[in-house]
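Here the structure is laid out as structure tokens; the discussion comes afterwards.
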Amino acid sequence: MVGQAGQAGQVGQVGIIGGGLMGSGITEVCARAGLDTVVVEVDDTASAAAERRVRDSLGRAAKRGKLTEEQVAETLGRVTFTTDLGALADRDLVVEAASEDEEVKLELFRTVGALLEKADALLTSNTSSIPIVKLGAVSGRPDRVMGVHFFNPAPVMQLVELIPSLTTSTETLQRMQGFVADQLGKQPIEATDRAGFVVNSLLVPYLLSAIRMYEAGYASAADIDKGMVLGCGHPMGPLALSDLIGLDTVRAIGISMYQEFKEPLYSPPPLLDRMVDAGLLGKKSGQGFYRHD
Ligand code: CAA
Ligand code: NAD
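Note that the UniProt record's numbering numbers the sequence shown so that position 29 is 29, with each residue one more than the last.
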């Protein structure tokens, strides 16, 4: 456990909105850091799926000898899964990790901004590409809203991008720096509130270029990925990584970045559109550029 709440400004009670790939990973990170964590999903089925993801991941950590069964039980004991946004009212910090859809996030920031009870409660988004300033503007507390961008898989990746918007206060940024570094034990970097921040500005055009290359028939998916793994030492190739991120999410990030910069390299290629339309979303749906059983 890295660091529990106690000192002034520290976070004790966390709320996570969305328990998908990222929300479940962030939940695990927070609960393993000793924090009381509430996860809100859209319905009972999604809530049960979120709980299963967290349980399975903790179970794998136990199998690898990283946690004892007792620690798994303690960690799970800190997490409450619910479909009631009202359960977020008493939180010190909310991390929104719902689908990468601007309308969904705006509605959540409107609703949750109004129900937080503590004057200094922070409302943050794990968005990959949606402007933070827009989320702050509808929240009724723009100085206490910022981007907190974890990487997938959240329990493994050390980086968290911190994105203050034009309206975020210095105190909010400082509290989140402390939260990420001291309470979660992760490595923050700071980025400006522009679509893609630092990492996706570099990563997403690369992923989309690989999809275009595959679409044009230059090489097989396996050979494109092998090229980047064995030729450049990446842990996985761009098509396997797109499957891991989720093709719907890769597409949504490309659209946001294209809207902001009108840079053709950010525009999703037709094959990506067709795959998302067909429900081929990568690892989370069982099929993307590869099969995932
Ligand atoms: N949850 C928790 N832990 C996981 C995990 C998961 N989903 N997947 C892997 N791990 C852990 C394993 O338990 C293992 O831990 P130990 O070594 O301590 O036992 C470790 O990670 C390595 O796992 P594996 O041996 O099973 O697999 P691997 O060596 O092939 O690594 C990987 C898997 C960590 C995913 C690695 O392939 C990797 O780093 N890939 C690149 C991931 C990446 O680029 N992420 C960024 C995506 S972009 C993004 O997130 C931003 C955005 O907005 C889209
Ligand atoms: P996902 O599709 O796996 O999960 C999204 C979850 O949000 C779903 O379980 C869905 O039921 C839930 N949801 C949707 N609307 C909701 C609402 N109104 N209230 C509560 N829950 C709601 O997506 P993900 O990959 O976890 O992405 C979530 C966020 O994290 C997105 O903003 C995405 O851009 C960002 N992100 C994704 C990655 C990645 O690699 N996938 C990495 C970093 C950041």
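Where a beta carbon is used, it is the ideal one built from N, C-alpha and C, also for glycine.
When the distance is taken between beta carbons, is residue j closer than 7 angstroms to residue i?
i: R91; j: Q13; result: yes
i: V145; j: G15; result: no
i: F179; j: V72; result: no
i: R175; j: G9; result: yes
i: A252; j: E100; result: yes
i: G147; j: I132; result: yes
i: S125; j: E96; result: yes
i: F289; j: A222; result: no
i: D225; j: G237; result: yes
i: D243; j: G185; result: no
Of the residues the options, which one's Cα is nearest the Cα of residue i?
i: V199; options: G136, S129, G237, K186; result: S129
i: P269; options: Y206, S285, G231; result: Y206
i: S267; options: A219, L159, L208; result: L208
i: K284; options: L271, K262, G246, I255; result: G246
i: M22; options: T45, V39, V11, A33; result: V39
i: L116; options: Q259, A89, G254; result: A89
i: E260; options: D43, R55, D193, V138; result: D193
i: D44; options: G18, L203, K186; result: G18
i: T172; options: A121, A154, F289; result: A121
i: R60; options: G25, C30, A46; result: G25
i: A154; options: F289, V11, Y290, E28; result: E28
i: L58; options: E41, D101, R32, D36; result: R32
i: L239; options: L203, A252, Y258; result: L203
i: K66; options: V156, R52, K105, V133; result: V156
i: residue 333; options: K63, D84, C30; result: Residue coverage of the chain in this structure runs from 1 to 293, which leaves residue 333 outside it and unanswerable.
i: L265; options: A210, A221, L135, H234; result: A210
i: A87; options: G136, A46, D36; result: D36
i: I189; options: A219, D293, Q158; result: Q158
i: F151; options: Q187, G136, Q177; result: Q187
i: I104; options: K134, H292, G237; result: The question names Ile, yet the displayed sequence has Val at residue 104. Of the listed residues, the one whose Cα sits closest to V104 is K134.
i: S201; options: A219, G185, V250; result: V250
i: T170; options: M257, Y258, D143; result: D143
i: A191; options: T168, K262, C30; result: T168
i: E51; options: T75, C232, I224; result: T75
i: residue 294; options: A98, R64, E102; result: Because residue 294 is not part of the residues shown, which for the chain are 1 to 293, the question remains open.
Beta carbon of residue i: closer than 6 angstroms to some heavy atom of the ligand HEM?
i: R64; result: Absence of the ligand HEM from the depicted structure is noted, with the ligand CAA and the ligand NAD being the only ligands included.
Any contact of the region 68-81 with the region 107-122, i.e. 3+ C-beta pairs under 8 angstroms? A contact is defined here as three or more CB-CB pairs under 8 angstroms, and the region 68-81 fails this definition with respect to the region 107-122.
Where in the region 168-192 do unbroken runs of the beta strand (DSSP E), each at least 3 residues long, occur, reported from the N-terminal end onward? Within the region 168-192, the beta strand (DSSP E) runs of at least 3 residues that lie entirely inside it are, in chain order, 187-190.
Decide yes or no for the touch test of the region 189-197 against the region 149-168: beta carbon pairs closer than 8 angstroms, at least 3 of them. Cβ pair count under 8 angstroms is three or more, so yes.
Ranges of the alpha helix (DSSP H) found wholly within the region 13-99, counting only runs of at least 4: Complete alpha helix (DSSP H) runs here, min 4: 21-32, 44-63, 69-77.
Inter-stretch contact at 8 angstroms, needing at least 3 Cβ pairs: the region 210-228 / the region 269-281: By the Cβ rule, the region 210-228 counts as touching the region 269-281, because three or more pairs are nearer than 8 angstroms.
Completely contained alpha helix (DSSP H) runs for the region 218-250, where each covers 4 or more residues: Fully contained in the region 218-250 are the following alpha helix (DSSP H) runs of length 4 or more, in chain order: 221-232, 238-245.
Unbroken alpha helix (DSSP H) runs of length 4 or more, entirely within the region 119-159: which are they? Fully enclosed alpha helix (DSSP H) runs of 4 or longer: 132-139.
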